[in-house]
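First comes the structure, then the notes that go with it.
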Amino acid sequence: MSTINLVLHVWRQKNGSAEGQFVRYEAVNISTHSSFLEMLDQVNEELIEKGQDPIAFDHDCREGICGACGMVINGHPHGPQKATTTCQLHMRQFKTGEELWIEPWRARAFPVVRDLVVDRGAFDRIIQSGGYISARAGSPPDANALPIAKGTADRAMDAAACIGCGACVAACPNASAMLFTAAKAGHLNLLPQGQPEKDARVLKMVAQMESEGFGHCTNHYECMEACPKGINVEFIAQLNRDFIKATVTARGEGERRGGDG
Amino acid sequence: MELKSKAPDGPIETRWARHKFNMKLVNPANRRKHSVIVVGTGLAGGALAATLGEQGYNVKAFCYQDSPRRAHSIAAQGGINAAKNYQNDGDSVYRLFYDTVKGGDFRAREDNVYRLAEVSVNIIDQCVAQGVPFAREYGGNLANRSFGGAQVSRTFYARGQTGQQLLLGAYQALCKQIDAGTVEMFPRTEMLELIMIEGRARGIVARDMVSGAITAHMADVVVLCTGGYGNVFFLSTNAMGCNASATWRAHRKGALFANPCYTQIHPTCIPVSGESQSKLTLMSESLRNDGRVWVPKRAEDCEKDPASIAEQDRDYYLERIYPSFGNLVPRDIASRRAKDMCDQGLGVGPAVAGQRRGVYLDFGDAIKRLGQKAVEERYGNLFEMYERITGDDPYKTPMRIYPAIHYTMGGLWVDYNLESTIPGLFVGGEANFSDHGANRLGASALMQGLADGYFVLPYTVANYLAQAPKYTADASHPDAVAAVAEVKERMNKFLGIQGKRSPDSFHRELGQIMWDSCGMARTRAGLESALAKIPKLREEFWSNLRVLGNGDELNVSLEKAGRVADFLELGELMCRDALDRAESCGGHFREESQTEDGEAKRDDEKFQFVSAWQFTGDPSKPELHREALKFDYVKPSQRSYK
Chain H
22 MSTINLVLHV WRQKNGSAEG QFVRYEAVNI STHSSFLEML DQVNEELIEK GQDPIAFDHD
82 CREGICGACG MVINGHPHGP QKATTTCQLH MRQFKTGEEL WIEPWRARAF PVVRDLVVDR
142 GAFDRIIQSG GYISARAGSP PDANALPIAK GTADRAMDAA ACIGCGACVA ACPNASAMLF
202 TAAKAGHLNL LPQGQPEKDA RVLKMVAQME SEGFGHCTNH YECMEACPKG INVEFIAQLN
262 RDFIKATVTA RGEGERRGGD G
Chain S
1015 MELKSKAPDG PIETRWARHK FNMKLVNPAN RRKHSVIVVG TGLAGGALAA TLGEQGYNVK
1075 AFCYQDSPRR AHSIAAQGGI NAAKNYQNDG DSVYRLFYDT VKGGDFRARE DNVYRLAEVS
1135 VNIIDQCVAQ GVPFAREYGG NLANRSFGGA QVSRTFYARG QTGQQLLLGA YQALCKQIDA
1195 GTVEMFPRTE MLELIMIEGR ARGIVARDMV SGAITAHMAD VVVLCTGGYG NVFFLSTNAM
1255 GCNASATWRA HRKGALFANP CYTQIHPTCI PVSGESQSKL TLMSESLRND GRVWVPKRAE
1315 DCEKDPASIA EQDRDYYLER IYPSFGNLVP RDIASRRAKD MCDQGLGVGP AVAGQRRGVY
1375 LDFGDAIKRL GQKAVEERYG NLFEMYERIT GDDPYKTPMR IYPAIHYTMG GLWVDYNLES
1435 TIPGLFVGGE ANFSDHGANR LGASALMQGL ADGYFVLPYT VANYLAQAPK YTADASHPDA
1495 VAAVAEVKER MNKFLGIQGK RSPDSFHREL GQIMWDSCGM ARTRAGLESA LAKIPKLREE
1555 FWSNLRVLGN GDELNVSLEK AGRVADFLEL GELMCRDALD RAESCGGHFR EESQTEDGEA
1615 KRDDEKFQFV SAWQFTGDPS KPELHREALK FDYVKPSQRS YK
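As given, the protein sequences belong to chains H and S, one line each in that order. Note that the numbering used here gives residue 232 to position 211 of the first sequence, counting from 1, and the numbers run on in steps of one. Note that the numbering used here gives residue 1321 to position 307 of the second sequence, counting from 1, and the numbers run on in steps of one.
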């Protein structure tokens, strides 16, 4: 089994209000079959042995689907391999002697909790504002009562593949959450079940996104490059169209409401 | 203690309908006066919290992840079963019921399984209405695939991300209720104790994992949907954070733990590659629809490039031994046969600890028959994942797979209402023991989680609330105060030991003991030796643990310490249960009890019961209670998939 040695500069920050800094560690005898997080596990076990606090980082499924993990490695969210979460990044991608700078997602809307752990509650609040289809348990019609063209279902699935990791925000020079919001709204807006709430959904999700302190989208498309699930920026265009339509409709409704008195 | 399922009599087809009618209701205006705690926000917990919130109850939901969207249900790949019979291939509620009872090797309760099959059809309707993007045919109707243990196509799927899409459906419904104010969500919050007042579950003690604050949360009823305990083995397909502490704490307070030895080994996982490995990755069972499992016929071929091994020198052993089910035999059987092949020296791939543990899962024929594009469409994301982890391209060279711990059928004992032996403590999803017997069929975990969350618990919890005495105590109640103090003392104890070994090092050692003695094959001698080793390891844990830092901050080692402490007790109970059950059934394979051709041999005369263990104060001396199982509809027989 081949092994490599690396030099790590890891962002250490005790809590949200403390000052942070890079600390240098040596990762030695790392199996090339290990995942990036297993490499950090190994470093942590050695830190504990030396009586030093282990590095805190978010992770859970380690299969690239839960979206918990994520760190910026040498300036790339989730590291150098395309379409890969940090937990699925394997050490065979690195060479012995390499120096790695490891830091948390950097965005005003994602405050650091500790070390590499950030608070992504803003994403949950965007969904809470309208990222759902109302369907009470017990009331729906038979599932095949509403045929949906395969192409439409596939496209909705392309958007729905988002794992909510936040790499898009970390990659964006403006720390915008447009790709996330567009994917989440896009999935539901494409489906016939999503039509009744479509306009309200778009307006509320965009308003929430803006109030969370994310930056504006200025079409750099770094988000798509960094996205471990390859979500396409076309969904941003779709969100922009849906937003304009919803704004016009809402204005029209406002006028009608006035007339109904 | 007499264990009563409380299921109604009469024709099985109408039991749930009659039971629903007979249960008490809470009128809409009174619902907001009731509070419900739901721990865990996976398919069962997320669906339940959303449903109860929608109905107007006051719900508090807890999860250890930073967002409820990350619960481990998200990682389920292959699909969800439902008796829709959209394929017109002979499926029915009764057949799904039959397959599940048989698949569980006649160790599940018929009433619960029938209900599961019955509500399965509602689940698909519900999920489609929420916008779950299930796979579709060109005509626009829902597509199906086949899964192990069934001869019909009844599995609905969303590429290889079915669990993710179902969970997002439940999560979005939950988000709606959070916004509406009916559900209060506590992410990064871990339940560490159950609060009992006058013999009823009335709350939990939970730790805010960011601030370290330890607080009592009170409610009229507590529901645990906290998943399984597969991580007792350290290496499993479970997420790293999955743990048994919520159920184990409840067990210590009096909830019986049923069938702890029933664990499921999933046959198609990526083999262990080395010692630093932290978890095992599953490759969906759906791959067995088109992949063919084989090993070389001769041991000397095992090191060769698989492409150079001629067709006649390959042993497609599942197709050979089980001609009618072939590569789609149930999980327990596929796993054991893979182990047999490797034990005979026919395993492939690099040797780890002196043995090659891997068999080929080959898509060569499928690619020839369907074309690479069609295979890519069905399994593209799984193939990519395999390549990222192993560095091999499965379009060109066969995958290597080996069984791994995946699911636990055992869990807290519950009656037909999914209520544990503690009044007011309900248990849903993988955390309970109820529906899968000794072996779960593929695509049935998602079905059970959502059945419990959307369609069973909302009725049975309401029935409890309508009848339970009005709750008056708050967090200042002496029993709540005492529970909080107990948890704080426990945390301080972990921090105060200041020994030499990390929580992970104990966890790995326990996992190795469990895998060697209580894994795919179990023997009396092996289990007895584990039962001698585990208490010693536990003793060392409590005297030589090292947890750095403080309790009032994000402290990952402290979280792990609490989970490992509970695994060290649960692991012992699993071995004891496996030793007591001197028969083989489903995933529980006692080498002493097998047929001539190596299949699991049940002993219905002695073991047709549910083992339910009671905590007595000493983890090494639990008391066994039995719930006899009756089979009025599906007559127990030797399972045959030949």
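Just so it is clear, CB atoms sit at the ideal spot from N, CA and C, and this is done for glycine as well.
For residue i, which residues does DSSP report across the bridge?
i: residue 124(H); result: 93(H)
i: residue 1296(S); result: 1283(S)
i: residue 1637(S); result: 1628(S)
i: residue 1214(S); result: 1211(S)
i: residue 236(H); result: 197(H)
Which class does residue i belong to by DSSP, given the choice of helix, strand or coil?
i: residue 109(H); result: helix
i: residue 1654(S); result: coil
i: residue 178(H); result: helix
i: residue 11(H); result: The structure shown has nothing for residue 11(H), since chain H only spans 22 to 282.
i: residue 1208(S); result: strand
i: residue 1183(S); result: helix
i: residue 1114(S); result: helix
i: residue 1384(S); result: helix
i: residue 1016(S); result: coil
i: residue 207(H); result: helix
i: residue 194(H); result: coil
i: residue 1505(S); result: helix
i: residue 1039(S); result: coil
Please return the same chain residues whose Cβ sits closer than 6 Å to the Cβ of residue i, not counting the five positions on each side in sequence.
i: residue 1065(S); result: 1468, 1472
i: residue 23(H); result: 53
i: residue 1429(S); result: 1019, 1020
i: residue 1121(S); result: 1451, 1452, 1599
Quick one: residues in its chain with C-beta nearer than 7 Å to the C-beta of residue i, no 5 flanking neighbours on either side, listed in chain order?
i: residue 1610(S); result: none
i: residue 1654(S); result: none
i: residue 1659(S); result: The requested residue 1659(S) is not part of the displayed model; chain S covers only 1015 to 1656.
i: residue 1178(S); result: 1088
i: residue 1142(S); result: 1148
i: residue 1090(S); result: 1176, 1177, 1459, 1460
Assuming contact is defined by CB atoms lying nearer than 7 Å, are residue i and residue j in contact in what I supplied?
i: residue 1373(S); j: residue 1399(S); result: no
i: residue 1145(S); j: residue 215(H); result: yes
i: residue 1202(S); j: residue 1209(S); result: no
i: residue 1600(S); j: residue 1445(S); result: no
i: residue 1233(S); j: residue 1051(S); result: yes
i: residue 1371(S); j: residue 1416(S); result: yes
i: residue 1166(S); j: residue 1105(S); result: yes
i: residue 1250(S); j: residue 1419(S); result: yes
i: residue 1265(S); j: residue 1623(S); result: no
i: residue 1075(S); j: residue 1205(S); result: no
i: residue 110(H); j: residue 96(H); result: no
i: residue 147(H); j: residue 230(H); result: yes
i: residue 1308(S); j: residue 1328(S); result: yes
To which residues of the same chain is residue i closer than 8 Å at the C-beta, ignoring the five residues directly before and after it?
i: residue 1575(S); result: 1508, 1517, 1559, 1561
i: residue 116(H); result: 25
i: residue 69(H); result: 75
i: residue 1101(S); result: 1158, 1166, 1167, 1168
i: residue 280(H); result: Residue placement at residue 280(H) cannot be trusted, given a pLDDT of 47 that sits under 50; what the coordinates show is reported in the next sentence. So no residue of the chain qualifies.
Item to check | Members of the region 1271-1287 of chain S that neighbour chain H once the beta carbon cut-off is set at 9 Å | outcome: 1287
Item to check | Short-range partners of chain S found in the region 78-107 of chain H, where Cβ spacing is below 7 Å | outcome: 79, 80, 81, 82, 83, 84, 85, 86, 87, 88, 89, 105
Checklist entry - Going along the region 1145-1156 of chain S in order, which residues come within less than 9 Å of chain H, judged by CB to CB distance? => result 1145, 1146, 1147, 1148, 1149, 1150, 1151, 1152, 1153, 1154, 1155, 1156
Checklist entry - Relative to chain S, which residues along the region 111-135 of chain H have a C-beta separation below 8 Å, given in chain order? => result 111, 113, 134, 135
Item to check | the region 1098-1109 of chain S: positions lying closer than 9 Å to chain H by Cβ | outcome: 1098, 1100
Checklist entry - What residues in the region 151-171 of chain H bring their beta carbon closer than 9 Å to a beta carbon of chain S? => result 151, 152, 153, 154, 155, 156, 157, 158, 159, 160, 161, 162, 163, 164, 165, 166, 167, 168, 169, 170, 171
Checklist entry - If you measure beta-carbon to beta-carbon, which residues of the region 1470-1486 of chain S are closer than 8 Å to chain H? => result 1472
Item to check | Against chain H: residues of the region 1286-1317 of chain S by CB proximity under 9 Å | outcome: 1287, 1288, 1289, 1290, 1291, 1292, 1293, 1295, 1296
Item to check | Contact set between the region 1383-1404 of chain S and chain H, restricted to residues whose Cβ is under 9 Å from the partner | outcome: 1395, 1398, 1399, 1402, 1403, 1404
Checklist entry - In the region 208-222 of chain H, which residues sit with their C-beta less than 9 Å from some C-beta in chain S, listed in chain order? => result 208, 209, 211, 212, 214, 215
Item to check | Near-chain H residues of the region 1570-1595 of chain S (beta-carbon distance less than 9 Å), N- to C-terminal order | outcome: 1570, 1571
Next on the checklist: So if I threshold CB-CB distances at 8 Å, which residues from the region 1203-1231 of chain S count as touching chain H?
Outcome noted: 1224
Checklist entry - Taking Cβ-Cβ distances below 9 Å as the criterion, which residues of the region 57-73 of chain H are in contact with chain S? => result 58, 59, 60, 62, 63, 65, 66, 68, 69, 70, 72, 73
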